[in-house]
Amino acid sequence: MSLEELAAQLRRGEIEDPALAQYAAEYAQAGQSFRSKKDD
Amino acid sequence: MSRSADGRVPGAPSEAARPLLLQGQDYLFRSPPKCLDFQEQVHRLGMVDEGDGNPQPCVLVLARAADMEMNELSIALAERGIRMARIDADRCVDLPLSVYTDQPLIELDRWLLRPLLVWRRHFELSAVPVEPGTLAGAYAVDQWASVANWLSSRSDWAHVNPSRFSTHLDRLTQLSDASAFGLRVPRTAVTTRPGRTRPGGGRCIVKTAGRHLLEPRPGVQHGLFPRPLETSRASDAPEPAPVIVQEYVPSDTELRVFVVGERCIAFQVDKLDPAQLWVDPDAVRVTPTCVPTSLSDRLLALARHWRVQVAAFDLLVTGSDHVFLEINVNCDWRWFEHRAGDNSVSAAVHDWVALRFKELLGAGRAR
Numbered sequence: 001m002s003l004e005e006l007a008a009q010l011r012r013g014e015i016e017d018p019a020l021a022q023y024a025a026e027y028a029q030a031g032q033s034f035r036s037k038k039d040d
Numbered sequence: 001m002s003r004s005a006d007g008r009v010p011g012a013p014s015e016a017a018r019p020l021l022l023q024g025q026d027y028l029f030r031s032p033p034k035c036l037d038f039q040e041q042v043h044r045l046g047m048v049d050e051g052d053g054n055p056q057p058c059v060l061v062l063a064r065a066a067d068m069e070m071n072e073l074s075i076a077l078a079e080r081g082i083r084m085a086r087i088d089a090d091r092c093v094d095l096p097l098s099v100y101t102d103q104p105l106i107e108l109d110r111w112l113l114r115p116l117l118v119w120r121r122h123f124e125l126s127a128v129p130v131e132p133g134t135l136a137g138a139y140a141v142d143q144w145a146s147v148a149n150w151l152s153s154r155s156d157w158a159h160v161n162p163s164r165f166s167t168h169l170d171r172l173t174q175l176s177d178a179s180a181f182g183l184r185v186p187r188t189a190v191t192t193r194p195g196r197t198r199p200g201g202g203r204c205i206v207k208t209a210g211r212h213l214l215e216p217r218p219g220v221q222h223g224l225f226p227r228p229l230e231t232s233r234a235s236d237a238p239e240p241a242p243v244i245v246q247e248y249v250p251s252d253t254e255l256r257v258f259v260v261g262e263r264c265i266a267f268q269v270d271k272l273d274p275a276q277l278w279v280d281p282d283a284v285r286v287t288p289t290c291v292p293t294s295l296s297d298r299l300l301a302l303a304r305h306w307r308v309q310v311a312a313f314d315l316l317v318t319g320s321d322h323v324f325l326e327i328n329v330n331c332d333w334r335w336f337e338h339r340a341g342d343n344s345v346s347a348a349v350h351d352w353v354a355l356r357f358k359e360l361l362g363a364g365r366a367r
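Here the protein sequences line up with chains A and B, keeping their order. Here the first sequence is numbered in my numbering, starting from 1 and rising by one per residue. Here the second sequence is numbered in my numbering, starting from 1 and rising by one per residue.
Encoded structure:
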């Protein structure tokens, strides 16, 4: 699969691969927890 | 560990005996070294079509795992079919990496890559996961320091915010340059005796001369945020290291202006005190705004002077005047976007990086 297709799947929330789905869940969780962090 | 009745560890310095900028600072953030890079994940999982065996042009990012701006860039570049590769300070120990010295190529894990554009941000050596105070730890950090500096300044690659210029852009240089470009700056002193020093004679703010986050142990970040210099602070208590003392400038509001290439994207930031950005972000109001052309022209001129392409200016607004506070080269934009409900900086950064990459790719093919 191409990078573009995989990224589009991620954006649409349509990932079927279990390992990548786990990454997507972890990424979403990190996005939430790092919302309050300011690095600069 | 046993504590006394007031909660302090016996033998630890009292609050008043601690450096001024460490007093009352309880901001602590744990930054786990968990890979959150989309492109690294899909390549490691073998989900991406392999290329033809030739070195793959890429954007190379030196950062840390939890740099969410770069994690989002990885997805945005994937959407455009642009390969991004990553070296994170907190995940670099034992990384399979070979860097060619006679060709602009790297082998990262099992991929042969040709970086066209390199962006170093938040690749802090204090994040390298080694045991502090050990010879082996000092060795690994020193090797990574040298190689990371070389990677982020190689002349056969293009760079975002080139380190050879931005490394020396400390807050005090920023102030003198901004003043030379016609921006008003607060009266400022650098001192180990903040109790004696009051630029302007009235209320003052104490700021770090260095970073806003200290990482005494890898992955554990402590905040060092601006704070008012208490008027009751009549003592002459010496500080262990110099700090910045600045006159307090009463203002109507504050601005954060992101420069992305030749664009300025501004947010108005309303808060009650300087540290609120970090310690009570939900109380900070952030709204998209516009800035006068006379100001944006000056900021763009300063950015060109400092040779930074993506950075954030902090300014005070006093009537029709603007007071320069600082520029952040390793700037956060998602924090502001989240609070403003606006993703225009992300979009501009992603477009700018993609366009720059394509320019460099085209230039390489034309040679």
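All C-beta atoms in this analysis are idealised placements derived from N, C-alpha and C, irrespective of residue type, glycine included. Just so you know, these numbers come straight off a predicted model, no measurement behind them.
Contacts that residue 273(B) makes with chain A (C-beta to C-beta distance below 7 Å): Residues of chain A with a Cβ closer than 7 Å to the Cβ of residue 273(B) do not exist; the shortest Cβ-Cβ separation is about 14 Å.
N- and C-terminal bounds of the beta strand (DSSP E) containing residue 29(B): Note, residue 29(B): beta strand (DSSP E), 28-30.
Residue 23(B): CB within 7 Å of a non-hydrogen atom of the ligand GDP: Among the components modelled here there is no ligand, and therefore nothing to report on the ligand GDP.
Sequence ranges, alpha helix (DSSP H) only - wholly within the segment 230-312 of chain B, length at least 4: As far as the segment 230-312 of chain B is concerned, its whole alpha helix (DSSP H) runs of at least 4 residues are 276-279, 293-306.
The segment 257-272 of chain B in contact with the segment 40-54 of chain B per 3-pair CB rule at 8 Å: Contact annotation: the segment 257-272 of chain B does not touch the segment 40-54 of chain B, with fewer than three C-beta pairs closer than 8 Å.
Cα-Cα separation between residue 27(A) and residue 285(B), rounded to whole angstroms: About 26 Å.
Short CB-CB distance (under 8 Å) between residue 244(B) and chain A: Judged by the 8 Å Cβ criterion, residue 244(B) is not in contact with chain A.
For residue 81(B) and residue 107(B), the rounded distance between their alpha carbons: Each residue's Cα considered, the two are about 20 Å apart.
Neighbour flag for residue 35(A) against chain B, beta carbons, 8 Å: So yes, residue 35(A) belongs to the interface.
Paired residues, beta bridge with residue 228(B) - DSSP: Answer by DSSP bridge pairing, in chain order: 205(B).
Cβ-based neighbour list, residue 11(A), same chain, cut-off 8 Å, excluding 5 preceding and 5 following: There are no such residues.
Option in 272(B), 237(B), 304(B), 249(B) with minimal Cα separation from residue 17(B): Of the candidates 272(B), 237(B), 304(B), 249(B), the one whose C-alpha sits nearest the C-alpha of residue 17(B) is 237(B).
Status (buried if at least 16 other CB within 10 Å, exposed otherwise) for residue 350(B): Label assigned to residue 350(B): buried.
Residue 8(A) versus residue 225(B): straight-line alpha-carbon distance, rounded: For residue 8(A) and residue 225(B), the gap between their C-alpha atoms comes out near 39 Å.
Alpha helix (DSSP H) runs wholly inside the segment 56-88 of chain B, at least 4 long, in chain order: Runs found: 68-79.
Residues that residue 41(B) contacts on chain A, provided the C-beta gap is smaller than 7 Å: The answer, in chain order, is 20, 23.
Between the CA atoms of residue 189(B) and residue 197(B) - distance to the nearest angstrom: Here the C-alpha atom of residue 197(B) lies approximately 7 Å from the C-alpha atom of residue 189(B).
Inter-residue Cα distance where the pair is residue 112(B) and residue 358(B): C-alpha separation (whole angstroms): 19 Å.
Cβ-based contacts, 7 Å cut-off: residues of the segment 118-132 of chain B near chain A: Going along the segment 118-132 of chain B in chain order, one finds 122 with a Cβ nearer than 7 Å to chain A.
Rounded Cβ spacing between residue 183(B) and residue 324(B) (contact assumed at less than 8 Å): Indeed they touch by this definition, with Cβ atoms about 4 Å apart.
Cutoff 6 Å; reference residue 27(B); Cβ partners in own chain excluding five residues on either side: If the five residues before and after residue 27(B) are omitted, its C-beta is found closer than 6 Å to the C-beta atoms of 223, 278, 279, all from its own chain and listed in chain order.
Residue 39(A) versus 309(B), 174(B), 275(B), 341(B), residue with shortest Cα-Cα distance: Among 309(B), 174(B), 275(B), 341(B), the Cα nearest to that of residue 39(A) is on 275(B).
The segment 84-96 of chain B / the segment 28-48 of chain B touching (three or more Cβ pairs under 8 Å): Yes, the segment 84-96 of chain B is in contact with the segment 28-48 of chain B.
Complete runs of the alpha helix (DSSP H) confined to the segment 310-347 of chain B [at least 4 residues]: With a minimum length of 4 residues, the continuous alpha helix (DSSP H) runs that stay inside the segment 310-347 of chain B are 334-340.
For residue 36(B), three-class secondary structure by DSSP: Residue 36(B): coil per DSSP, three-state reduction.
For residue 160(B), the three-state DSSP class (helix, strand or coil): Taken through DSSP and simplified to helix, strand or coil, residue 160(B) comes out as strand.
Beta-carbon proximity check, residue 6(A) vs residue 78(B), cutoff 8 Å: Going by beta carbons, residue 6(A) and residue 78(B) fall inside the 8 Å limit.
Close Cβ partners of residue 34(A) (< 6 Å) along its chain, the five nearest in sequence each way excluded: Excluding sequence neighbours, residue 34(A) sits near nothing in its chain.
Proximal residues of chain A, C-beta to C-beta of residue 53(B) below 7 Å: Against residue 53(B), chain A offers no close residue; the least beta-carbon distance is about 17 Å (beta-carbon pairs closer than 7 Å).
Range covered by the beta strand (DSSP E) that runs through residue 18(A): Counting along the chain, residue 18(A) falls outside any beta strand (DSSP E), though it belongs to the alpha helix (DSSP H) covering 18-33.
8 Å Cβ cutoff met for residue 245(B) and residue 208(B): Against a cut-off of 8 Å, the Cβ pair of residue 208(B) and residue 245(B) comes out as no contact.
Counted within 10 angstroms of its Cβ, other Cβ atoms place residue 121(B) as buried (16 or more) or exposed: Residue 121(B) is buried by the Cβ-count criterion.
Outcome for residue 114(B) when other beta-carbon atoms lying within 10 angstroms are tallied against a minimum of 16: Residue 114(B) counts as buried, since at least 16 other C-beta atoms from the protein chains shown sit within 10 angstroms of its C-beta.
For residue 72(B) and residue 160(B), the rounded distance between their alpha carbons: So the alpha carbons of these two residues sit roughly 17 Å apart.
C-beta contact flag for residue 90(B) and residue 33(B) at 8 Å: The criterion of a C-beta distance shorter than 8 Å is satisfied by residue 90(B) and residue 33(B).
Check whether residue 328(B) and residue 340(B) have beta carbons under 8 Å apart: Not closer than 8 Å, so no.
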